[in-house]
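Protein sequence lines correspond, in order, to chains Z and C. 5 is the number of the first residue of the first sequence in our numbering; add one for each residue after it. 5 is the number of the first residue of the second sequence in our numbering; add one for each residue after it. Backbone N, C-alpha and C fix where the C-beta goes; we use that ideal spot for every residue, glycine too. These numbers were taken from a predicted model, which means no experiment stands behind them. Comments concern the structure below.
There are 2 protein chains.
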Amino acid sequence: MKKYFCEIKIMLKRGILDVQGKTVENSLHSMEFQNITNLRIGKFVELNVEAESYEEAKAIVDSACSKLIANPIIEDYHISITE
Amino acid sequence: MKKYFCEIKIMLKRGILDVQGKTVENSLHSMEFQNITNLRIGKFVELNVEAESYEEAKAIVDSACSKLIANPIIEDYHISITE
Chain Z
5 MKKYFCEIKI
15 MLKRGILDVQ
25 GKTVENSLHS
35 MEFQNITNLR
45 IGKFVELNVE
55 AESYEEAKAI
65 VDSACSKLIA
75 NPIIEDYHIS
85 ITE
Chain C
5 MKKYFCEIKI
15 MLKRGILDVQ
25 GKTVENSLHS
35 MEFQNITNLR
45 IGKFVELNVE
55 AESYEEAKAI
65 VDSACSKLIA
75 NPIIEDYHIS
85 ITE
């Protein structure tokens, strides 16, 4: 079994209103940051996974994402794995 | 003025208990994912910023992070900027 390090980026799907991001963007505009736009906030997950191969590691993490870590109805996720 | 795309990864500092991450990890262990460990959850922010140069863009985003987007007392953030 090899140990893999995995990073998962989870963002709301395009078209779904990101209320948290909009609120932060509005707050920035009321400070000195008028030139920041299109701010969106998502989640970032780091984890270690033990698997026989890169492919198995990817399959395990993908399954964990779709079952618990992300909400595939409203969120897109992108997995990157390194050894 | 050029438009830059910026990605910010915000994680709790090492040593600070990540309650949300621990909870998700425990839930995964009670499912079929016993081989996932060291799960930590942070935030991921995407934004556009207008600036004269890469250096100015980086300075603006760094300032926005330390003043509002992240909490530098308990969080580390990493900024990556592309044109």
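In the structure shown, the three-state DSSP call for Z/Gly25 is helix.
For C/Val23, no chain Z residue has a Cβ inside 9 Å of its Cβ, as the nearest lies near 14 Å away. According to DSSP, C/Ala61 shares a beta bridge with no other residue. For C/Ala55, the number of other beta carbons within 10 angstroms of its own is at least 16, and it is reported as buried. Under DSSP, Z/Glu54 shares a beta bridge with Z/Lys7. Minimum Cα-Cα distance from Z/Glu36 among the listed residues C/Ile83, C/Val65 and C/Gly19 corresponds to C/Val65. Here C/Glu29 has Leu43 as same chain residues with Cβ atoms under 6 Å from its own Cβ, once five neighbours each way along the sequence are excluded.
Residue pairing of Z/Asp80 in beta bridges, as defined by DSSP: Z/Met15. Around the beta-carbon of C/Tyr81, 16 or more other beta-carbon atoms lie within 10 Å, marking it buried. With contacts defined by Cβ atoms closer than 8 Å, Z/Ile40 and Z/Gln24 do not form a contacting pair. Listed in chain order, the non-local C-beta contacts of Z/Ser84 below 6 Å within the same chain comprise Glu11, local neighbours out to five positions each way being set aside. Under the Cβ distance rule, C/Ala55 counts among the residues neighbouring chain Z, one pair being separated by less than 8 Å. C/Lys26 and Z/Phe9 have their alpha carbons spaced roughly 17 Å apart.
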